[in-house]
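Residue numbers (the working numbering): 16 to 308.
The structure under discussion appears below in the form of structure tokens.
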């Protein structure tokens with residue numbers, strides 16, 4: 016069941032947009048570097064688990080079968096999802112094994128993308144060589160980061176295990192092996208994050224404004240009243256959920272400004288959550304101040 020796809024030690028050069036960090040300077044609390052759907056266990060363990068498909072759940076009963084793992088995450092796409100996995104693994108020099116569990120996702124084939132990345136790398140167009148997914152292209156990873164991943168990580172195929180105990184047994188056997196950390200971690204950061212700032216100015220939407228109301232117990236519990244800026248009521252639209260209402264308001268061209276659309280979506284979600292939780296909904300004001308000069 017285990018397929019050893021790639022496993023060699025070594026160190027690659029430091030690419031543009033990345034920083035090489037010696038293993039001795041690794042800081043547990045600063046890792047993982049990429050936010051995502053994962054659970055950190057023991058950052059200095061040599062083994063990471065990747066769950067593909069919806070057949071497995073990351074709960075305590077699942078983890079109880081696995082001893083000493085660094086991190087468990089999920090993977091659903093063959094491009095950006097793979098980039099997230101690579102960034103987090105190569106930024107931790109202690110991780111040397113990646114075990115992939117679950118069931119392959121048709122179309123995207125994210126597990127296949129990881130296997131082929133480990134075995135073949137990427138071509139000059141940043142496409143994973145021989146990957147069979149819909150769009151296995153890694154636009155946000157330098158080639159040197161891919162090679163660092165291939166040098167550091169041994170990938171194990173534990174998909175479609177008929178015996179549910181087999182993955183745990185395999186991971187346990189990996190944990191018994193001696194594991195030297197990679198000489199250095201590689202932090203990939205092509206774009207520096209910027210801190211969002213609250214809006215300073217509020218500009219009214221020429222199409223008007225909305226009052227959001229809730230009617231618990233009704234067939235369509237969310238109600239939106241659309242008013243012209245003169246104060247005249249123009250439309251009343253009701254719906255079951257925030258996503259449907261947002262789509263309909265935009266389709267009807269009742270919103271003309273992006274900031275207004277963002278505000279409306281945020282408030283409709285708040286109203287929907289209040290209905291779900293049985294709490295009172297009070298519409299919040301938009302950020303910023305109207306320039307009345």
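For glycine and all other residues, C-beta sits at the position ideal for the given N, C-alpha and C.
Host beta strand (DSSP E) of residue 37 (start-end): Taken as a continuous stretch (DSSP letters only), the beta strand (DSSP E) holding residue 37 covers 33–37.
Residue 148 versus residue 200 - alpha carbon distance: For residue 148 and residue 200, the distance between alpha carbons rounds to 29 Å.
Buried or exposed (CB count within 10 angstroms, at least 16 for buried), residue 87: Taking every protein chain shown into account, the CB of residue 87 has 16 or more other CB atoms within 10 angstroms, so this residue is buried.
Residue 277 versus 90, 258 and 175, residue with shortest Cα-Cα distance: Selection 90, 258 and 175 evaluated against residue 277 yields 258 as nearest (Cα-Cα).
For residue 109, three-class secondary structure by DSSP: In the three-state reduction of the DSSP assignment, residue 109 falls in the coil class, being assigned neither a helical nor a strand state.
Per-residue DSSP class, three states only, for residue 254: Residue 254 carries a strand assignment under DSSP once its states are collapsed to helix, strand and coil.
Range of the contiguous alpha helix (DSSP H) that encloses residue 181: Secondary structure note for residue 181: its alpha helix (DSSP H) is the uninterrupted segment 180–190.
Cα-Cα separation between residue 152 and residue 35, rounded to whole angstroms: Residue 152 and residue 35 have their alpha carbons spaced roughly 24 Å apart.
Residue 143 beta carbon less than 8 Å from that of residue 128: Yes, Cβ-Cβ distance for residue 128 and residue 143 is below 8 Å.
Which of helix, strand or coil DSSP assigns to residue 291: Looking at residue 291 - three-state DSSP - the assignment turns out to be helix.
Option in 279, 154, 124 and 214 with minimal Cα separation from residue 260: Taking each of 279, 154, 124 and 214 in turn and checking the Cα distance to residue 260, the smallest one comes out for 279.
Exposure label - residue 231; buried when at least 16 CB within 10 Å: When all chains shown are included, residue 231 counts as exposed.
8 Å Cβ cutoff met for residue 235 and residue 255: Their beta carbons are under 8 Å apart, which means residue 235 touches residue 255 by this criterion.
Cβ contact (3+ pairs, closer than 8 Å) linking the stretch 47–67 and the stretch 112–126: The stretch 47–67 vs the stretch 112–126: in contact.
For residue 29, the three-state DSSP class (helix, strand or coil): Only weak support exists for where residue 29 lies, its pLDDT of 45 falling under 50; the coordinates are left without a value.
Bridge-paired residues (DSSP) for residue 44: Answer is none; residue 44 lacks a bridge partner.
Closest by C-alpha distance to residue 166, when choosing among 132, 185, 140 and 83: Of 132, 185, 140 and 83, the smallest CA-CA separation from residue 166 is found for 132.
At least 3 beta-carbon pairs within less than 8 Å: the stretch 209–217 vs the stretch 281–296: Remark: fewer than three beta-carbon pairs, one from each stretch, lie closer than 8 Å, so the stretch 209–217 and the stretch 281–296 are not flagged as touching.
Close Cβ partners of residue 203 (< 6 Å) along its chain, the five nearest in sequence each way excluded: Non-local C-beta neighbours of residue 203 in its own chain, meaning closer than 6 Å and more than five positions away in sequence, comprise 33, 102 and 160, ordered along the chain.
Span separating the alpha-carbon of residue 193 from that of residue 275: The straight-line gap from Cα to Cα measures roughly 57 Å.
In chain order, each beta strand (DSSP E) run of at least 3 residues that lies wholly inside the stretch 94–158: When DSSP assignments are scanned along the stretch 94–158, the uninterrupted stretches of beta strand (DSSP E) that are 3 or more residues long and fall wholly within it turn out to be 112–117.
Residue 259 - DSSP class collapsed to helix/strand/coil: In the structure shown, residue 259 adopts helical secondary structure according to DSSP, grouped into three states.
Residue range of the beta strand (DSSP E) that includes residue 244: Boundaries for residue 244: no beta strand (DSSP E) harbours it, and the DSSP string shows neither H nor E there.
Inside the stretch 200–243 only - beta strand (DSSP E) runs reaching at least 3 residues: Restricting attention to beta strand (DSSP E) runs no shorter than 3 residues, the stretch 200–243 encloses them at 224–229 and 237–242, ordered along the chain.
Residue 208 classed as buried or exposed, judged by whether at least 16 other C-beta atoms fall within 10 angstroms: That one is exposed.
Same chain, Cβ closer than 6 Å to residue 37, five either side skipped, listed in chain order: Non-local C-beta neighbours of residue 37 in its own chain, meaning closer than 6 Å and more than five positions away in sequence, comprise 199, ordered along the chain.
Assigned secondary structure, residue 168 (DSSP; H/G/I helix, E/B strand, else coil): In this structure, residue 168 counts as coil in the three-state DSSP scheme.
For residue 119, the nearest candidate out of 183, 187, 176 and 95 (CA to CA): In terms of CA proximity to residue 119, 176 leads the group 183, 187, 176 and 95.
Between the CA atoms of residue 305 and residue 240 - distance to the nearest angstrom: Approximately 22 Å between the Cα atoms of the pair.
Rounded straight-line distance, which links the Cα of residue 140 to that of residue 93: Rounded to whole angstroms, the gap between the alpha carbons of residue 93 and residue 140 is 15 Å.
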